[in-house]
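Numbering (the numbering used here), first residue to last: 12 to 488. Heads up, the beta-carbon is just placed ideally off N, CA and C, and yes, glycines get one too. Computed from a predicted structure; not experimentally measured. Data block below; observations after.
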């Protein structure tokens, strides 16, 4: 039996996408926050001697000595460019200044001046005061609540006695105790407690119930609990030790420092990347250029490029690398600005009711909607909207805020979840304090307004707003 060897030649086409270092840099710059971009520019200025910051407004070079944006310096001393000479390495495009999204005249003088515009993470006091305002307290109770909140420390504990509060405000101690109990059930639960034990008891009441073993252990056997005396508690409760261990594990899920997530060290400040405002009845989008250095090729290296035939091979290679790197860096920054502008322009067009009327008029919007509108990939839109902020007439918002799911209406239109939350907040704000609206009642009211929403969705939205359930909002006068 012979051995037969066959040879087959097979050709196969494959399409592969290679991400170049330059493209990686462009993607990286796109997703940087404003502060991170400032640092990246400073780092590039330090590392690349070809780059320099434009201190004064560059003059037009009538002799055409500037390097075209698409120039690449080749190793043989030649240059290739498909573009004519331009005025500077920072092109004069509308993305660098004011631009009217609806085609009106630019008016940079019309932009509201937001000096030191900041967005601060809400402090514990702010968070509690917002809930105090939402709850239907009378004037005296609100005065007591404000005083109590002002005396809660960073860990969430009240560092003043109720007797001192009563004496300071000239009100009965019993009234102070009543208000304090309400505040202790605000979010975060247990805030305003006077001890760790009281803090854990409030949380145990809400999580496990007043008759739960966890609550009883914390109330009647707290010292034994702190010592880890499982056998002693087992005998007292008439339970086996494994049951007591389970009780201990449940108690361990409570937080002895309820305000830890509101630490002042987590406060951060944000400067807007974009301003959106109205001029002469038309909406204007303006990128915030303050604090961002403008870049160009250093004049010494511009002259050196003209004489590169006199350089050694090593010097030409070095010059080629640095100039190409500098030009690409400048192009990447320009492309970043252009992309941010286009995304904001699409958001403005699709969420015009928000800008005209306020947060209650947000519409459902997805990354895909904007990506298709500006003919870019969803991942690009996602990078642009992360960590970028816009100053609007209604406040400062991260671009991600405008992307939200929604609910359907009877007329077939959709309504954004953020708009529904605003409606829920308004209904609760205006409810009868002696007969607060239940989640079922709120769902029915919204359905009567044409919004199809389930009771569990109302509950979810209410809780996300930090609003207590109806049985906790009821006030009897």
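Beta-carbon contacts of residue i that lie in its chain and below 7 Å, excluding the five residues immediately before and after
i	result
residue 429	370, 373 and 415
residue 174	184
residue 456	438
residue 405	369 and 370
residue 49	302 and 303
residue 216	226
residue 51	40 and 43
Cβ-based burial, residue i [other Cβ within 10 Å; buried from 16]
i	result
residue 221	exposed
residue 195	buried
residue 224	buried
residue 465	exposed
residue 344	buried
residue 59	buried
residue 284	buried
residue 396	buried
residue 480	exposed
residue 450	buried
residue 263	exposed
residue 331	buried
residue 7	With the chain covering 12 to 488 only, the question about residue 7 has no answer from this structure.
residue 53	exposed
residue 152	buried
residue 93	The predicted model places residue 93 with a pLDDT of 37, which falls under 50 and marks its position as unreliable; any figure quoted below should be read in that light. So residue 93 ends up on the exposed side.
residue 110	With a pLDDT of only 34 at residue 110, under 50, the local geometry of the prediction cannot be trusted, and the value read off the model is given with reservation. Result: buried.
residue 37	buried
residue 440	exposed
residue 484	buried
residue 203	buried
residue 71	Confidence at residue 71 is low in this model, with a pLDDT of 46, below 50, so its placement is unreliable and no value can be given for it.
residue 432	buried
Presumed contact (8 Å Cβ cut-off) between residue i and residue j, rounded CB distance
i	j	result
residue 55	residue 340	6 Å
residue 240	residue 477	That belief does not hold up - the Cβ atoms of residue 240 and residue 477 are roughly 38 Å apart, past 8 Å.
residue 160	residue 143	7 Å
residue 413	residue 376	6 Å
residue 182	residue 155	6 Å
residue 403	residue 350	Not really, about 20 Å apart at Cβ, beyond 8 Å.
residue 45	residue 282	6 Å
residue 410	residue 354	7 Å
Cβ neighbours of residue i in the same chain (closer than 8 Å, five flanking residues each side left out)
i	result
residue 384	357, 360 and 361
residue 333	59, 60, 61 and 312
residue 140	157 and 160
residue 236	228, 229, 244, 259 and 262
residue 219	225, 226 and 261
Per DSSP, the bridge partner or partners of residue i
i	result
residue 406	403
residue 204	168
residue 289	294
residue 64	306
residue 163	169
Bounding residues of the alpha helix (DSSP H) (the contiguous stretch that carries residue i)
i	result
residue 366	363-368
residue 413	No alpha helix (DSSP H) holds residue 413; DSSP gives it neither H nor E.
residue 470	466-475
residue 50	45-58
residue 396	389-396
residue 271	That residue, residue 271, is in no alpha helix (DSSP H); it is neither H nor E in DSSP.
residue 260	252-262
residue 300	Where residue 300 is concerned, there is no enclosing alpha helix (DSSP H), given that its DSSP letter is neither H nor E.
residue 237	233-238
residue 189	184-195
residue 220	Counting along the chain, residue 220 falls outside any alpha helix (DSSP H), and DSSP gives it neither H nor E.
residue 381	378-385
residue 482	481-484
residue 246	241-248
Spatial neighbours of residue i in its chain, beta-carbon cut-off 6 Å, leaving aside the 5 residues before and after
i	result
residue 166	268 and 270
residue 265	211 and 214
residue 205	169
residue 104	Summary for residue 104: the model assigns pLDDT 34, below 50, so the residue's position carries little reliability, and this model does not support an answer.
residue 434	none
residue 233	208
residue 389	378, 379 and 382
residue 41	347 and 394
residue 482	none
residue 135	270 and 273
residue 201	210, 213, 214 and 269
residue 115	Residue placement at residue 115 is poorly supported in this model, since its pLDDT is 36, which falls under 50; the coordinates still yield a value, given next. Taken in chain order, the residues that qualify are 293.
residue 310	none
residue 471	none
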